[in-house]
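Residues in the sequence shown are numbered from 571 upward in steps of one, following my numbering. All C-beta atoms, glycine included, are put in the ideal place defined by N, C-alpha and C. Beneath this line is the structure, given in structure tokens, with notes to follow.
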Amino acid sequence: MSARVVLLGPPGAGKGTQAAKIKEKRNIAHISTGDILRDSVKRKTEIGLAAKSYMDSGRLVPDDLMIGMIRSRMVQGDIAAGGFILDGFPRTTVQAEALDRLLEDMSLCLDAALFLEISDDEVVRRLTNRRVCPSCGAIYNVIVRPTKAEGICDACGGSVIQRDDDKEQVIRNRLMVYRERTSPLIDYYEKRGLLYRVDGAKSSDTAVRLLESIGVM
Ligand code: AP5
571 MSARVVLLGP
581 PGAGKGTQAA
591 KIKEKRNIAH
601 ISTGDILRDS
611 VKRKTEIGLA
621 AKSYMDSGRL
631 VPDDLMIGMI
641 RSRMVQGDIA
651 AGGFILDGFP
661 RTTVQAEALD
671 RLLEDMSLCL
681 DAALFLEISD
691 DEVVRRLTNR
701 RVCPSCGAIY
711 NVIVRPTKAE
721 GICDACGGSV
731 IQRDDDKEQV
741 IRNRLMVYRE
751 RTSPLIDYYE
761 KRGLLYRVDG
771 AKSSDTAVRL
781 LESIGVM
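Here it is as structure tokens:
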């Protein structure tokens, strides 16, 4: 069964964590624009070089760059066949409209937009304690989900790190940008009858359970 899902929510709401759970259950493509950008920065590609300063300060990378990136990923064969979980895209109304046009061109439609709700205090607590594995993308938390051996990824044995944008000042900026530029998408999808609210403070499989309950997977 395929599923076409957008995950919305502030930084640290658990989009990447919940997407990994959905992927574990159904092998649907997980498209994280943050992960694609971080990989581009690491490889010093043209996109990476253009995006780095935006990411380091918690600002959004320009829409045209992001829309081009998503378009080239979405036209790959696995998407039409098996569906997708979009994690981190769209983040502006311009991006949401571009996604609608792209799906229409592909004769696909979205099944659901899941909005993970969480308080600012919880965001700061989670992100300052987050650790990630740059090799395989696994996400940890030194308090609630530590690695078994300190600093070593359970999944691939790589070294886990703290993201450059997980400093408190940058987190506060990301929250502000989220409120101004991304939160209007809650209305955007509500008006289209696609919005489902998920309590992001609860366990990390609430998105899977919600999708099962509405018959999307
Ligand atoms: P991106 O990587 O997308 O960052 P984000 O949206 O800020 O989201 P995060 O990855 O920080 O958090 P998350 O919601 O995935 O939470 P996670 O699961 O890791 O984007 C980074 C930057 O790239 C942006 O600032 C921007 O510059 C640029 N960018 C990306 N996409 C863009 C776009 N479309 N347009 C323009 N610019 C773009 O969980 C967080 C922590 O909480 C972890 O430690 C985890 O273990 C823990 N946790 C998760 N769930 C739970 C739970 N249920 N209970 C307890 N702890 C939990």
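Any 3 or more C-beta pairs closer than 8 Å across the region 727-736 and the region 644-653: Under the 8 Å Cβ criterion, the region 727-736 does not count as touching the region 644-653, having fewer than three qualifying pairs.
For R767 and Q646, the rounded distance between their alpha carbons: Looking at the two C-alpha atoms, the distance is approximately 29 Å.
Of the listed residues I640, Q665, E760 and D605, nearest to R751 (C-alpha basis): Among I640, Q665, E760 and D605, the Cα nearest to that of R751 belongs to Q665.
Collapsed DSSP secondary structure at I598 in the structure displayed: In the structure shown, I598 sits in coil (DSSP, three-state: anything other than H, G, I, E or B).
Proximity test, A683 beta-carbon vs ligand 1 heavy atom, cut-off 6 Å: Distances between the C-beta of A683 and the heavy atoms of ligand 1 are all 6 Å or more.
Close beta carbons around C703, own chain, < 6 Å, minus the five adjacent residues each side: Answer for C703: C723, G728 and V730, listed in chain order.
Assigned exposure category for R749 - 16 Cβ within 10 Å defines buried: By the beta-carbon neighbour count (other beta carbons within 10 angstroms, threshold 16), R749 is exposed.
Through-space distance from R629 to L765, alpha-carbon basis: Near 25 Å, if we compare the C-alpha coordinates of R629 and L765.
First through last residue of the alpha helix (DSSP H) which encompasses G618: From DSSP, the alpha helix (DSSP H) with G618 extends over E616 to S627.
Length of the line joining the Cα atoms of R574 and S773: One C-alpha to the other measures close to 22 Å.
Where the alpha helix (DSSP H) through E687 begins and ends: Taken as a continuous stretch (DSSP letters only), E687 belongs to no alpha helix (DSSP H), being part of the beta strand (DSSP E) at A682 to E687.
Nearest candidate by alpha-carbon position, reference P581, set S642, R742 and A708: Here the closest residue by C-alpha is R742.
Beta bridge counterpart(s) of Y710 as assigned by DSSP: DSSP output for Y710 lists R701 as bridge partner(s).
N- and C-terminal bounds of the beta strand (DSSP E) containing I655: Looking at the DSSP string, the run of the beta strand (DSSP E) that includes I655 is G653 to D657.
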